[in-house]
Amino acid sequence: MRHRFISGLLILLMMTGNKTFSQEKFITLSGIVTDAEQHLPIPYASIQLKRGSSGTFSNTSGHFILKIPTALLPDTLLVSCIGYKPTLLPIAPHDQLNTVIRLESGAIALKSVTVSARTGLALLKEAIARIPQLYDTTDVRLTAFYREYIRFRKDTLNFNESVLDIYKTYHTDKNRQDQIRILKGRKKTIDIHVDPRFFGWISNITNTAYSSLSEDIQKNIQAEQSFMNEKNFRYYNYDYQETVVDGDRTLLVISISPKKPGRKALITGKLYLDEATLVIAKCDWALTPEGIDYVNRHGKGGVGYTIMSVILKSTIDFTAIKTSISYKYYRGKWYLANVQRHWNADVNSRKRGITDAPWEGDFNLSVTDIHTGNVQRFSDNVSNKVSSVNQLISNNYDTAFWENYNIILPESPDALRKPPPANNNQQLINMPHVSNRQNDFTHADTLRGMLTPFRTCYDVTFYHLDVDVDMNNHFIKGSNSIRFKALQPFSIMQVDLYANMQINSILYKGQPLTYTREYNAVFVRFPETMPAGSTAEIVINYEGSPQVPDTRIPMYGGVLWGKDKTGNPWAQVACQGSGASLWWPNKDHQSDEPDSMRIWVTVANGFTEISNGRLQHTTPVGTDKTRYEWYVSYPINNYNVTFNIGHYAHFSDTYIRHRDTLTLDYYTMPYNQERAKGLYVNVKPMLACLEQHFGAYPFPRDGFTLVESLYPMEHQSGVCIGRILDDTTLTDLPSVIWHESAHEWWGNSLTSKDIADMWIHEAFATYAESLVIECAYGRKAAVDMLNQQREQVRNQEPVTGVYNVNHIFYDIGDMYTKGSLLLHTFRHVLDNDTIWFNLLKDIQHHFRYQTLSAGELISYICERTHHNYSPLFEQYLRYTNIPQLQFSLKQLGRNLELKYRWNANATGFDMPIKVSTSRNHFSFIYPSKEWKTITLKNMNEGDFAVDEDNFYVDVQQR
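According to this note's numbering, the sequence shown holds residues 157 to 1114 in order.
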């Protein structure tokens, strides 16, 4: 199942639900801020209310506009900028200021004796320690102005402005992250029709409003590369430079510079600390040449950049990056005020005759209002984290566009447009209670998840599901024939059907059987004992309106009743986790799959229905309905059984390899058929890559089918890929296709017996995405993709769920990304790709068309590799924290002494890992839980590194 959402979605611009003053009166103050002596404009001067939080900044020409609700007046306008004396101007409700504000120089260098007892590093450490007291570390809500301005060869490629509603949290865990909603936005229309893909790419490369928020140094002191991270102190000089008077305060200026050239020290810059409090008032930094090299290797957009670079045969290489961050005081605390970023790059494209063409980008985020107290996370309309704001706003315009919002004036007017009207009619409903580790489990969970004697007494061999789907009333009526073999004598068997679905009868040899229901379990009583080895069949007739999904809860599935782009009804089943019994009666446990299955779905004429396997017939039913008759010739798990109903178009192809032909079928909305043909050009290379690494496609008799759907899901031989949107590009959809298609091997061909081991499906399918990237774009691109997955790991619950209770309603994301990183790590522990990929194919061959437990899989891996890797898998799967490599370094002349050990939970954990044992060369060391010591010849501290690109571990220098 696709747990992560697709990037690049077009977000509607929302306005309601935010604290604004659009219905209130406000006054407009405007002017220019200049230097009193030289009469030059002062860029980015702060203009704000002294008592309130409303404010703005001057632009690079010194001009400003500030809109203040009259309800906040009277107040005093505070105009300030580091290096100048602040100016105070009283403001009354009826004032309309339009003036020149001249600031006098105020930065006077003082003697350094005031801090002679403290070094620059000591001052920084003290400033960091005071952050929780000085800054507001509660959740806050900010209004901000944001601008992107990108030029190529001095021509404007991207100029957009927006007002943002920001939920900002001090927390850095994956559950509590910053959120952004766009209130208003406009952009300059740029004609890129000559080469739209190329210019569209370089217009929106690696910049988002979220990136500006992430520059907040007071929040991200533990960031891996931060100069404020304690583990990086040894790479920098922190020098107290001077003390300057800035208005009514004094600032300590701390310079930051690399101790010596090296890959660990990436920036140079200055910190401005308020002497009285040691609050960080401002930080200016720029990347060193080593920092630029690091960004060009790791920070240019990851796999998305790599794909487009290959497709367009072009590159973008950064040459300079600098950032300035300032903070402001409000009601006793300090808050983020302004983030300015400037990037320079060279663009090269031999295909277009472009060599080192200059590319520049300026990105400015300025906080214009602060709201505190009882701040809640946004529940809807959150902007995409990886898309340029330029891609998220539209091109409409009106003369009163900004209304009451504070902006930073551009240097020249631009014809910009207004977004469509807001829509905020979604009603919030109470979250249903679900069972998990936090909420405990019930008897109903045991009935659903445990293999009791009422289930183990029989083995399902065949299902014939025959249903009529009423698209208008969201209703299903039909029957399921269950053919089974008795594994031991029994007279009572358990089948499963949700309690909201009505059973009309259960027939055996044409006669009704008695039954009882307990929660979603159905206990069927036979008139005689079924002898072991006998075969029989029952038919369950039923009807009802199935559960609908709740996307706020992981795996809370059901039938999605939606509409396509043209307003036609569209439906799909997605029931993994919640279980197939939410819409049809069956033995709803992953351990038992029928050997084959017949699926008949009747729909109104005009609709097309797609299920699993091969379509054998379409049969008229009466005068107004059609039955689609599908046959699955392989074992299939219950949650994979599906229907997709809509006004579909169909086209097909064949994939020929090794003198064998695999049929390819594609179902899309008619308006997306041509776009789909372009998107699917890489399906055959994808299948070739997956077969290369996992073995032959598991279901050749049933063919391979991709279905445009309401939701992406790995339905066997009928893979659902989600919606194809108007702006879906070659870089948007493939990862979904790769992931869901890989499930044909991992999840469909072999299936976990208990859903607690569902990581077997999701970890391998997520890891498969990187293998397709590796096949198409090389090893480095794959490693970049895998390293991006690190940011999504939460490490808050074990990857392995609770057995015997169908534990699924919890934060399941780690079984995808953490599981994928486990496999990436294990590949490099083996350090032999021949062994690794042979192992993957052997697993597929050994367990094909079977269900298995994690224990069986790990035992097989240990047997095939002739080594006990159980502690390694146990650590990553059963504990929340990843293994921590603890080490210390001591310089011994020209050599380096390395002490190291593992800090891990699993008994006997002794995973080998690669570190730099000589300059620029990684080799294995073999840590255990006891300290070990080795001497590394001709190495310095700055030369030492752990191979964190290929081993997902925590690293702690002691």
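Glycine included, each C-beta is placed from N, C-alpha and C at the ideal position.
Look at the alpha carbon of residue i and the alpha carbon of residue j, and state the distance between them as a whole number of angstroms.
i                  : j                 : result
alanine 852        : phenylalanine 315 : 49 angstroms
aspartate 1200     : cysteine 731      : Given that the chain is displayed from residue 157 to residue 1114, the structure contains no residue 1200 and the question cannot be resolved.
glutamine 746      : isoleucine 638    : 16 angstroms
tyrosine 392       : isoleucine 423    : 9 angstroms
threonine 798      : proline 445       : 55 angstroms
isoleucine 436     : phenylalanine 355 : 39 angstroms
arginine 879       : glutamine 728     : 12 angstroms
serine 690         : lysine 641        : 6 angstroms
proline 776        : serine 789        : 24 angstroms
glutamate 317      : arginine 303      : 4 angstroms
leucine 1052       : tyrosine 450      : 25 angstroms
asparagine 1096    : arginine 390      : 12 angstroms
phenylalanine 1080 : proline 288       : 40 angstroms
asparagine 215     : serine 411        : 26 angstroms
aspartate 231      : lysine 206        : 7 angstroms
asparagine 579     : asparagine 537    : Here asparagine 579 scores only 39 on pLDDT, less than 50, and its place in the model is too uncertain to base an answer on.
aspartate 1103     : tyrosine 1025     : 20 angstroms
leucine 165        : asparagine 540    : Confidence at leucine 165 is low in this model, with a pLDDT of 21, below 50, so the placement of that residue is unreliable and no value is reported for it.
phenylalanine 161  : phenylalanine 993 : Here phenylalanine 161 scores only 28 on pLDDT, less than 50, and its place in the model is too uncertain to base an answer on.
glutamine 335      : tyrosine 366      : 8 angstroms
aspartate 888      : alanine 379       : Because aspartate 888 carries a pLDDT of 49, less than 50, the predicted location of this residue cannot be relied on, and the following value inherits that uncertainty. Between aspartate 888 and alanine 379, the C-alpha separation is close to 28 angstroms.
valine 1111        : lysine 1055       : 13 angstroms
alanine 805        : glutamate 896     : 21 angstroms
threonine 190      : glycine 529       : 37 angstroms
What's the call for residue i, buried or exposed, on a 16-neighbour Cβ count within 10 Å?
i               : result
tyrosine 1082   : exposed
valine 759      : buried
alanine 285     : exposed
proline 791     : buried
aspartate 748   : buried
isoleucine 1090 : exposed
valine 715      : buried
valine 466      : exposed
glutamine 945   : buried
lysine 833      : exposed
tryptophan 515  : buried
proline 577     : Here the model assigns proline 577 a pLDDT of 38, short of 50, so the residue's position is not dependable, and the following value carries that caveat. Exposed, by the Cβ-count rule.
tryptophan 1058 : buried
threonine 299   : buried
isoleucine 991  : exposed
glycine 341     : buried
arginine 604    : buried
glycine 517     : buried
histidine 589   : exposed
Pull up the CB-CB distance for residue i and residue j, whole angstroms please, since I reckon it's below 8 angstroms.
i                 : j                 : result
leucine 229       : isoleucine 247    : 6 angstroms
leucine 1033      : valine 955        : 5 angstroms
arginine 815      : phenylalanine 534 : Incorrect: roughly 56 angstroms between the Cβ atoms, too far for contact.
tyrosine 491      : valine 296        : 7 angstroms
asparagine 742    : asparagine 794    : 5 angstroms
histidine 849     : asparagine 592    : Not quite, the Cβ-Cβ distance comes to about 34 angstroms (not below 8 angstroms), so this is no contact.
phenylalanine 301 : asparagine 562    : 6 angstroms
glutamine 650     : alanine 677       : 6 angstroms
Would you list the one or two residues that DSSP bridges to residue i?
i               : result
cysteine 876    : Val863, Met869
tyrosine 515    : Looking at the sequence shown, residue 515 is not tyrosine but tryptophan. Answer is Phe308, Ala501.
asparagine 592  : Asp596
tryptophan 1058 : Leu1041
glutamate 1053  : Lys1046, Thr1091
glutamate 785   : Trp756, His773
glutamine 944   : DSSP, once it has assigned bridges, lists no residue as partnering glutamine 944.
serine 544      : The partner list for serine 544 (beta bridge, DSSP) is empty, contrary to what the question assumes.
arginine 390    : BP columns for arginine 390 are empty, so no partner.
Item to check | Stretch-stretch touch, CB-based, cutoff 8 angstroms, three pairs: the segment 478-486 with the segment 439-457 | outcome: For the pair of segments examined, the segment 478-486 was found to touch the segment 439-457: the number of CB pairs separated by less than 8 angstroms reaches three.
Checklist entry - Is the number of C-beta pairs between the segment 997-1008 and the segment 957-969 that are closer than 8 angstroms three or more? => result no
Checklist entry - At a cut of 8 angstroms, does the segment 658-668 reach the segment 695-707 through at least three beta carbon pairs? => result yes
Checklist entry - Do the segment 915-928 and the segment 975-984 touch if we need at least three Cβ pairs shorter than 8 angstroms? => result yes
Item to check | Contact the segment 821-830 vs the segment 848-864: 3+ CB pairs below 8 angstroms | outcome: yes
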